[in-house]
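Undergrad: First the structure, which I've put down as structure tokens, then a few questions once you've had a look.
This is the structure we're talking about:
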């Protein structure tokens, strides 16, 4: 069908422009010289202007209409129809955003990120406040453009994870809070606490780098189609054959780099393993943000924090790190790796307390967009919730509301997807355990191929064929629920802490 | 004036697209993962298609016409008029080239480069010959499109360096040959030869890297507006506030990395020091290719190979390199650094013999375009000239007429600009010595500010305000001549070799 082919050509061109944007953004975050900021902002603004113009070109809307009303529409394959659906979904949103507004949003993202960086370095929220306020205003405007009838935060939540809303999140997050808070308390009260000193040992960056490259290869992250570099805030960026991950090293604690690189490798693996025949088609992308996040956490937590992974990896780890960890024994080490304790920093949080970091952000974002709290109040609200949920005192904002780059980069409504990913995963894991009953034995002997293939077949190779809630149901045969996550968490940590 | 503003907006947009292209090409050359090639080629093809379309848009021609015939044309400032002139010069050329021809030329450039690579690897000129012949035909056609009345090689020379022709080059190159050949002979016959072993010592890449960053800072290359990375063939790429240089290290000889990084830093300094108010205007670029090359060679040769630089730098160099060069003494070291000896390979040539490599290429190109020699005859003509000018026997074409990539990539008429840069420099140097009589004493004590400012004021800060021949006359008060270069060379090397 001619209009379908034309539509796909437009999609390909726009994807290429998007990829260019990706490289420029990666460069900006990872290696760009300091003074290049203004220039780069102009490049990104121009690209996003062009992309917006192309994505909202009436031609695209016309082609979609022509295809959907075409006599031969029924002859299109499921994949082809899905491509049209996905393009229509984006087009209907994009077309509502004026070009100048899209450019302003992108440009302000770069500016706000610079002031966020300064603010974080100096632990001075006032440096960032004005740019954050402007970003919030811009995001309210954007939500209003998308759908002026709905609550703006609901609009952003649905934009970030198709099918979701405050109604759904309120439900699962209340369930999670109710399930997790008692576990966390029980853990805190357990006499059986892990020994930190098995982990917190000086480990030079050069050695950590060797370990990181080693485990990235183990989980099948392809370094010929990717890179591992350093960045202030680790992220993954790329497309099919060039998917780059980043890491930040801490010489006195190898775990942040270790687990964030497994996490980013998980993201990278999703992108690297989309079917090549989906390249430059709407189905050649993740099902959703949370599905992406889930793929990252699958590698990080389900594989990387399992007893069996360390049964296999500890000897190799000892070899790579020289004398530093020579004396540690497996069981106490695994317990230390899986230590649960409240931390100030989200990205350093363990998988149990992590959800509360997200719920905190979700609640603050919800209240910001409902005009219940102002930008001035964010630090105090943040600090109060940290005290309430995790019993933690925040003394400086660099470790509080300035810790994440997301708001500077306009990602409101995005944090909840981070928790969702683990909830999806727990449900997937129950199915994978049915399909591969001996998967833990495989890991124990350093084999990852079966699990890698299961993830490829069931998730990665499906790209964007289905929306996340459909995908969860299709893979597991059950409706999405947070209960698997809560059950898993109870099981795993009860054993570890002898509860 | 409205059409002027419109024209400048177009220029700005195209420049930003060009900058994006620059970042993607830099990434491709320096850090891109292997598998990304196809994807990147698609990105670059899309950008260059867009750029070509935008540069040849009839709107640009119309705007230029409107401006030049506007009642208020006289009210434009000198800079504004110059901007229009420069845009017209490019547009008139671009617009004469049919799209299909431009595409064919680019495509054949890629094909010829592939066969050149094979030919060079196998040292078999016959593999490249056919594609070279076709490239020459295409370049004749291109020259004909540009100007059907002029000699095609004159057209290409003028295209590569505005205002130049075989008439000018014949004169300066004859003069250079007459001056240089006797010096080179005298040097070869001198009993006072330098000692290579003072330089050819194992120096690990990590240490060389420290030295490179140190000297780059010394010459005022701004690392907050640039980067230094590794690449197979060193190059400079960037724009105003983000100008990156690359270097290739050889552990057994520090001089290639040392001098090519000073060279690239010289290129970088030119770009980094264009006036900010010229940004996104045609005057915000180099006056010409040779002027750019000159700025690179000024830092590399006039500063970096001077006695005074090493008087200042040798102690610091010894400190940074540990014991490796601890025993070397200043005078013999300077002599070794300035060793003159005929080499087969242009890019390894010293500043004295270098000109003859260029003259040889110029004479061959001239005769090719005048149909005085055929493609079949190139190797023998090349080898005969190498024998005549430098006393060197070429045994295989990989070290002869196959050594450079330029012809495969369509750069005919470009080589001469490499020599020109040094000739401009020598004339500038005579003026700088009048303006700053003690500049050598400044270098000797590690001061570069006065020289840096002189180069900024007289050259870099002028951007593209003048064409190169006007610029030379304006700065020095004298017509351009090669005699300064010949005199300087005689002076410097007579002293070094005790002639």
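Chains as they are written, first to last, in the numbering used here: chain X, 1 to 499; chain W, 1001 to 1499. The beta carbon of each residue, even a glycine, is placed where N, CA and C say it ideally should be. All values derive from a computational prediction rather than experimental measurement.
Counting only beta-carbon atoms, is residue 552 of chain X nearer than 8 Å to chain W?
TA: Outside the shown range of chain X (1 to 499) lies residue 552 of chain X, about which nothing can therefore be said.
Undergrad: I want to verify the contact list: residues of chain X whose CB lies under 9 Å from the CB of residue 1453 of chain W, in sequence order.
TA: Along the second chain, one-based indexing puts residue 1453 of chain W at 453. Going along chain X, no residue has its Cβ under 9 Å from residue 1453 of chain W, so there is no contact; the nearest lies around 20 Å.
Undergrad: With distances taken Cα to Cα, identify the nearest neighbour of residue 306 of chain X among X:440, X:124 and X:490.
TA: Locating residue 306 of chain X in the first chain gives position 306, where the first residue counts as 1. Among X:440, X:124 and X:490, the Cα nearest to that of residue 306 of chain X is on X:440.
Undergrad: With 8 Å as the threshold, decide whether the Cβ of residue 1023 of chain W is near any Cβ in chain B.
TA: Absent here is chain B; the protein component of the structure consists of chains X and W.
Undergrad: How many whole angstroms separate the CB atoms of residue 1246 of chain W and residue 1222 of chain W, which I take to be in contact at a CB cut-off of 8 Å?
TA: Residue mapping note: residue 1246 of chain W aligns to position 246 of the second chain, counting from 1. Residue mapping note: residue 1222 of chain W aligns to position 222 of the second chain, counting from 1. Incorrect: roughly 16 Å between the Cβ atoms, too far for contact.
Undergrad: Would you mind reading off the limits of the beta strand (DSSP E) that contains residue 502 of chain X?
TA: The displayed coordinates of chain X run from 1 to 499. Any statement about residue 502 of chain X would go beyond what the structure contains.
Undergrad: First and last residue of the alpha helix (DSSP H) that includes residue 1328 of chain W?
TA: Residue numbering aside, residue 1328 of chain W sits at position 328 when the second chain is read from its first letter. Taken as a continuous stretch (DSSP letters only), residue 1328 of chain W belongs to no alpha helix (DSSP H), as it is neither H nor E.
Undergrad: Between W:1236, W:1105 and W:1154, which has its C-alpha nearest residue 1023 of chain W's C-alpha?
TA: Stepping through the second chain from its first residue, residue 1023 of chain W is reached at position 23. For the residues W:1236, W:1105 and W:1154, the minimum Cα distance to residue 1023 of chain W belongs to W:1236.
Undergrad: What first and last residue would you give for the alpha helix (DSSP H) that runs through residue 1099 of chain W?
TA: For the purposes of this step, residue 1099 of chain W is identified with residue 99 of the second chain, where counting begins at 1. Segment 1099-1122, the alpha helix (DSSP H) holding residue 1099 of chain W.
Undergrad: Who are residue 1358 of chain W's beta bridge partners in DSSP?
TA: Counted from its first residue, the second chain places residue 1358 of chain W at position 358. DSSP, once it has assigned bridges, lists no residue as partnering residue 1358 of chain W.
Undergrad: Would you please verify whether the beta carbon of residue 521 of chain X is less than 8 Å from any beta carbon of chain W?
TA: Here chain X covers residues 1 to 499 and nothing more, so residue 521 of chain X does not appear.
Undergrad: Taking CB distances under 8 Å as the criterion, tell me whether residue 498 of chain X reaches chain W.
TA: If you number the first chain from 1, residue 498 of chain X lands on position 498. Taking Cβ atoms only, chain W never reaches closer than 8 Å to residue 498 of chain X, which makes this a no.
Undergrad: What does residue 244 of chain X pair with, by DSSP beta-bridge criteria?
TA: The sequence position of residue 244 of chain X within the first chain is 244, counting from 1. Looking at the DSSP assignment, residue 244 of chain X forms a beta bridge with X:237.
Undergrad: Counting only Cβ-Cβ distances shorter than 8 Å, please list the residues of the segment 1259-1290 of chain W near chain X, keeping chain order.
TA: Under the 8 Å Cβ criterion, the segment 1259-1290 of chain W contributes no residue.
Undergrad: So is residue 1290 of chain W buried or exposed if we call it buried at 16+ other beta carbons inside 10 Å?
TA: Residue mapping note: residue 1290 of chain W aligns to position 290 of the second chain, counting from 1. Buried is the call here.
Undergrad: Residues in its own chain within less than 6 Å of residue 1386 of chain W by CB, not counting five upstream and five downstream?
TA: Here residue 1386 of chain W refers to the residue found at position 386 when the second chain is read from its first residue. 1392 and 1394.
Undergrad: Where do the ends of the alpha helix (DSSP H) carrying residue 1194 of chain W lie?
TA: Reading the second chain from its first residue, position 194 is the one you call residue 1194 of chain W. Unbroken run through residue 1194 of chain W: none, as it is neither H nor E.
Undergrad: Find out if the Cβ-Cβ distance for the pair residue 262 of chain X, residue 207 of chain X is shorter than 8 Å.
TA: Residue numbering aside, residue 262 of chain X sits at position 262 when the first chain is read from its first letter. Residue numbering aside, residue 207 of chain X sits at position 207 when the first chain is read from its first letter. Cβ distance not < 8 Å, so residue 262 of chain X and residue 207 of chain X don't count as in contact.
Undergrad: Listing by chain order, which chain W residues have their CB less than 8 Å from the CB of residue 19 of chain X?
TA: Walking along the first chain from the start, residue 19 of chain X turns up at place 19. Those within 8 Å of residue 19 of chain X in chain W are 1039 and 1043.
Undergrad: Residues of chain W with CB under 8 Å from residue 35 of chain X, in chain order?
TA: Counted from its first residue, the first chain places residue 35 of chain X at position 35. Within chain W, the residues near residue 35 of chain X are 1222, 1224, 1225, 1241 and 1242.
Undergrad: I'd like the list of long-range same chain contacts for residue 1145 of chain W, defined as Cβ closer than 6 Å, with 5 residues on each side in sequence excluded.
TA: By 1-based counting over the second chain, the position of residue 1145 of chain W is 145. Result list for residue 1145 of chain W: 1096 and 1097, in chain order.
Undergrad: How would you call residue 1017 of chain W, buried or exposed, if buried means at least 16 neighbouring beta carbons within 10 angstroms?
TA: Sequence index remark: in the second chain, residue 1017 of chain W carries index 17 (1-based). Classification for residue 1017 of chain W: buried.
Undergrad: If you drop the 5 nearest sequence neighbours on each side, which residues of the same chain put their C-beta closer than 6 Å to that of residue 293 of chain X?
TA: Along the first chain, one-based indexing puts residue 293 of chain X at 293. Answer for residue 293 of chain X: 417, 418 and 421, listed in chain order.
Undergrad: For residue 225 of chain X, which of X:269, X:77 and X:493 has the nearest alpha-carbon?
TA: For the purposes of this step, residue 225 of chain X is taken as residue 225 along the first chain, with counting starting at 1. Selected option, being the one with the closest Cα: X:269.
Undergrad: Does the distance from the C-beta atom of residue 1240 of chain W to that of residue 142 of chain X stay below 8 Å?
TA: As a position in the second chain, residue 1240 of chain W is number 240, starting the count at 1. As a position in the first chain, residue 142 of chain X is number 142, starting the count at 1. No, these two residues do not count as a Cβ contact at 8 Å.
Undergrad: Please report the straight-line C-alpha distance between residue 1445 of chain W and residue 1219 of chain W, rounded to a whole angstrom.
TA: As a first step, residue 1445 of chain W must be located in the second chain, where it is residue number 445. As a first step, residue 1219 of chain W must be located in the second chain, where it is residue number 219. Answer to the nearest angstrom: the Cα atoms are 13 Å apart.
Undergrad: For residue 20 of chain X, count neighbouring C-beta atoms within 10 Å of its own C-beta (all shown protein chains included) and say buried if the count is 16 or more, exposed if not.
TA: Stepping through the first chain from its first residue, residue 20 of chain X is reached at position 20. Flag for residue 20 of chain X reads buried.
Undergrad: Grab me the residues of residue 1343 of chain W's own chain with a C-beta within less than 6 Å of its C-beta, minus the 5 sequence neighbours each way, in chain order.
TA: Walking along the second chain from the start, residue 1343 of chain W turns up at place 343. Hits under 6 Å: 1349.
Undergrad: Suppose the cutoff is 6 Å on Cβ atoms and the five residues either side in sequence are ignored; what does the same chain contact list for residue 112 of chain X look like?
TA: On the first chain, position 112 is the one that residue 112 of chain X refers to. Only 131, 135 and 408 meet the Cβ criterion.
Undergrad: Go to residue 1011 of chain W, then tell me how far its alpha helix (DSSP H) extends in each direction, as first and last residue.
TA: For this step, residue 1011 of chain W is matched to residue 11 along the second chain. That run of the alpha helix (DSSP H) goes 1002-1030.
Undergrad: Pick from W:1414, W:1251 and W:1234: whose alpha carbon is nearest that of residue 1029 of chain W?
TA: Stepping through the second chain from its first residue, residue 1029 of chain W is reached at position 29. When each option's Cα is compared against that of residue 1029 of chain W, the closest is W:1234.
Undergrad: How big is the Cα-Cα spacing for residue 452 of chain X and residue 461 of chain X?
TA: Position 452 of the first chain, counted from the first residue, corresponds to residue 452 of chain X. Position 461 of the first chain, counted from the first residue, corresponds to residue 461 of chain X. If I take the Cα positions, the gap works out to 11 Å.
Undergrad: Suppose the cutoff is 7 Å on Cβ atoms and the five residues either side in sequence are ignored; what does the same chain contact list for residue 186 of chain X look like?
TA: By one-based count along the first chain, residue 186 of chain X stands at place 186. Correct list, in chain order: 499.
Undergrad: What does residue 1027 of chain W reach in chain X if we use C-beta pairs closer than 8 Å?
TA: Numbered from 1 along the second chain, position 27 holds the residue referred to as residue 1027 of chain W. What residue 1027 of chain W touches in chain X: 23 and 27.
Undergrad: Do you know offhand how far residue 116 of chain X's Cα is from residue 1079 of chain W's?
TA: Residue mapping note: residue 116 of chain X aligns to position 116 of the first chain, counting from 1. Residue mapping note: residue 1079 of chain W aligns to position 79 of the second chain, counting from 1. So the two alpha carbons sit approximately 39 Å from each other.
Undergrad: Could you check whether residue 1244 of chain W and residue 1227 of chain W sit closer than 8 Å to each other, using their CB atoms as the reference points?
TA: Walking along the second chain from the start, residue 1227 of chain W turns up at place 227. Walking along the second chain from the start, residue 1244 of chain W turns up at place 244. Yes.
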